[in-house]
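In terms of my numbering, the sequence shown is numbered consecutively and its last residue is 309. From the three backbone atoms N, C-alpha and C, an ideal C-beta is built for every residue, glycine too. Predicted model, so just to flag it, every value in this text is computed and none were measured.
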Amino acid sequence: MTSSASPDPIGGAKPAETKADLEDLRHDVEDTASLAAERSKGLAAAARQQALSYVDDRKGEAARSVSDLAKSLRDSGKTFDDRPNIRAFFDSAAEGLDDLAGSIERRSLDDFYREAEAYARRSPVTVAVGAFAAGFLLSRFVKASGNTETGLSHGLRHDRYRA
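Structural data, given as structure tokens:
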């Protein structure tokens, strides 16, 4: 064996070179991870901004819908001119809906979130019962929709095979 041969019998890199390569690799991985974290923060901020913009657009539509409902109530109440108590009920309901529409327009998504969170802290049982009821109704709706589709598809299959 000559003096230029590697001291490693397998012919691999020297331990100092391997350690330096591993150190370089570790730095590259750390740099890549920090770059990915920065980009993900930017992406998350952009997604949040887009979601807030979408909610603001829908918020305006919701406020207009509530306002239109208030107008319809007022118009319906006009048919009760001869009964002032009933007319007052319609007008009061319409006024409440107008207030709700204004509230929807003025408040931000964060305001709604804070209010919902405060309500949930004040009345957790009510929120739990409401969530259970909503889930139950949603499951009934989904189950009913599935049965209707299944029944139709089975009916079509039987008709196809009869012909």
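- Alpha-carbon to alpha-carbon, Leu283 and Lys217: As a working note, residue 217 is residue 71 in the sequence shown. As a working note, residue 283 is residue 137 in the sequence shown. Cα to Cα, Lys217 sits roughly 30 angstroms from Leu283.
- Task: Measure the CB-CB distance between Val201 and Ala247 and report whether it falls below 7 angstroms.
- Result: Here residue 201 corresponds to residue number 55 of the sequence shown, with the count starting at 1. Here residue 247 corresponds to residue number 101 of the sequence shown, with the count starting at 1. No, the Cβ-Cβ distance between Val201 and Ala247 is not below 7 angstroms.
- Taking DSSP as the reference, what is the three-state secondary structure of Ser316? Residue 316 falls outside the range modelled here, since the chain spans only 147 to 309, and no answer is possible.
- Query: If you drop the 5 nearest sequence neighbours on each side, which residues of the same chain put their C-beta closer than 8 angstroms to that of Lys165?
  - Reply: Indexing the sequence shown from 1 puts residue 165 at position 19. For Lys165, where only same-chain residues beyond five positions count, there are no Cβ hits under 8 angstroms.
- Item | Burial state of Gly223, where buried means 16 or more other Cβ atoms lie within 10 Å | Looking up residue 223 in the sequence shown gives position 77. Gly223 is buried by the Cβ-count criterion.
- Whole angstroms is fine: what's the gap from Glu263's alpha carbon to Ala240's? If you number the sequence shown from 1, residue 263 lands on position 117. If you number the sequence shown from 1, residue 240 lands on position 94. Looking at the backbone, the Cα of Glu263 and that of Ala240 are separated by about 28 angstroms.
- Message: DSSP three-state label for Ser285, please.
- Response: Translated into the one-based positions of the sequence shown, residue 285 becomes position 139. In the structure shown, Ser285 sits in a helix (DSSP, three-state: H, G or I).
- Message: Only counting the same chain, and skipping five residues up and downstream in sequence, which positions put a Cβ closer than 8 angstroms to that of Arg233?
- Response: The sequence position of residue 233 within the sequence shown is 87, counting from 1. Cβ neighbours of Arg233 beyond the five flanking positions: Gly223, Lys224, Phe226 and Asp227.
- Query: So Arg260 is in the alpha helix (DSSP H); what residue range does that whole segment cover?
  - Reply: As a working note, residue 260 is residue 114 in the sequence shown. Note, Arg260: alpha helix (DSSP H), Leu255 to Arg268.
- Message: Distance check for Ser180 and His173, CA to CA, integer angstroms please.
- Response: Here residue 173 refers to the residue found at position 27 of the sequence shown. Here residue 180 refers to the residue found at position 34 of the sequence shown. Spanning the alpha carbons of His173 and Ser180 requires a straight line of approximately 10 angstroms.
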